[in-house]
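Asker: Here's a structure for you.
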Amino acid sequence: MPFSVTKEFSFAAAHFLTNYHGKCENLHGHNYRLRVTIAGPLQADDLVIDFSEIKRIVQENVLAVLDHTNLNDRFTNPSCERVAEWIYHALKPHLPVFTVELFETDTSSVTYSE
Numbered sequence: 121m122p123f124s125v126t127k128e129f130s131f132a133a134a135h136f137l138t139n140y141h142g143k144c145e146n147l148h149g150h151n152y153r154l155r156v157t158i159a160g161p162l163q164a165d166d167l168v169i170d171f172s173e174i175k176r177i178v179q180e181n182v183l184a185v186l187d188h189t190n191l192n193d194r195f196t197n198p199s200c201e202r203v204a205e206w207i208y209h210a211l212k213p214h215l216p217v218f219t220v221e222l223f224e225t226d227t228s229s230v231t232y233s234e
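When you line the sequence shown up against the numbering used here, it's residues 121 to 234, in that order.
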């Protein structure tokens, strides 16, 4: 596809890692940054997709579920990798998702795509 569209979001959540030995095995939180990239052709309105449509779908299917929660209540081991994978699959039925990039910190991120 010649075009990709990216929208960025943020949410806060707590978690701890299982099967891990280090400071992240203790309960702690992150202010996550999420980048959702959509790939596709231009539509009749000369847009791949309206940014507001991406915002609505991400809000309903991801942010409303994960924001201000303990991720361990939803995931067995909520590593950044597993959360990014879950977000991708939560959005895929609603959007032509190309990649999901999830930042735990300003300098550390995971990208998931299929």
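Ideal Cβ placement from N, Cα and C applies to all residues, glycine included.
On a CA-only basis, which of Asn-190, Asn-151 and Phe-131 is nearest Asp-226? Give me that one, please.
Answerer: On the sequence shown, residue 226 is found 106 positions in, with the first residue counted as 1. Of the candidates Asn-190, Asn-151 and Phe-131, the one whose C-alpha sits nearest the C-alpha of Asp-226 is Asn-151.
Asker: In terms of residues, what are the limits of the beta strand (DSSP E) holding Ile-69?
Answerer: As shown, the chain starts at 121 and ends at 234. That puts residue 69 outside it, with no answer to give.
Asker: Tell me which residue opens and which closes the alpha helix (DSSP H) that Ser-172 is part of.
Answerer: Counting from one through the sequence shown, the residue named residue 172 turns up at place 52. It spans 171-178 - the alpha helix (DSSP H) in which Ser-172 sits, taken as one unbroken run.
Asker: Residue range of the alpha helix (DSSP H) that His-209 falls in?
Answerer: The sequence position of residue 209 within the sequence shown is 89, counting from 1. Note, His-209: alpha helix (DSSP H), 200-211.
Asker: Alpha carbon to alpha carbon, what distance is there between Gly-142 and Leu-191?
Answerer: Numbered from its first residue, the sequence shown carries residue 191 at position 71. Numbered from its first residue, the sequence shown carries residue 142 at position 22. Distance between the alpha carbons of Leu-191 and Gly-142 is about 18 Å.
Asker: Count the other CB atoms, across all protein chains shown, that sit within 10 Å of the CB of Ser-228; report buried if there are 16 or more and exposed otherwise.
Answerer: Within the sequence shown, numbered from 1, the residue matching residue 228 stands at position 108. Classification of Ser-228: exposed, given that the 10 Å Cβ count is below 16.
Asker: Pick from Phe-129, Leu-137, Ala-204 and Tyr-208: whose alpha carbon is nearest that of Gln-179?
Answerer: What you label residue 179 is simply residue 59 of the sequence shown in a count that begins at 1. For Gln-179, the nearest C-alpha among the options comes from Phe-129.
Asker: Output needed for Phe-131: all residues of its chain with C-beta closer than 6 Å, excluding positions within five of it in sequence on either side, in chain order.
Answerer: As a position in the sequence shown, residue 131 is number 11, starting the count at 1. Only Tyr-152, Leu-183, Leu-186 and Asp-187 meet the Cβ criterion.
Asker: Helix, strand or coil for Val-222? Go by DSSP, reduced to three states.
Answerer: The count along the sequence shown starts at 1 and reaches residue 222 at position 102. The sequence given here places Leu at residue 222; Val does not occur at that position. DSSP places Leu-222 in strand when its eight states are reduced to three.
Asker: Using the Cβ count rule (16 or more neighbours within 10 Å means buried), how would you classify Tyr-208?
Answerer: Walking along the sequence shown from the start, residue 208 turns up at place 88. Buried.
Asker: What does the alpha-carbon distance come out to for the pair Ile-158 and Asp-170?
Answerer: Along the sequence shown, one-based indexing puts residue 158 at 38. Along the sequence shown, one-based indexing puts residue 170 at 50. Cα to Cα, Ile-158 sits roughly 11 Å from Asp-170.
Asker: Please state whether the Cβ-Cβ distance between Val-220 and Arg-155 is less than 9 Å.
Answerer: Here residue 220 refers to the residue found at position 100 of the sequence shown. Here residue 155 refers to the residue found at position 35 of the sequence shown. Yes; because the gap between Cβ atoms is below 9 Å, this pair is in contact.
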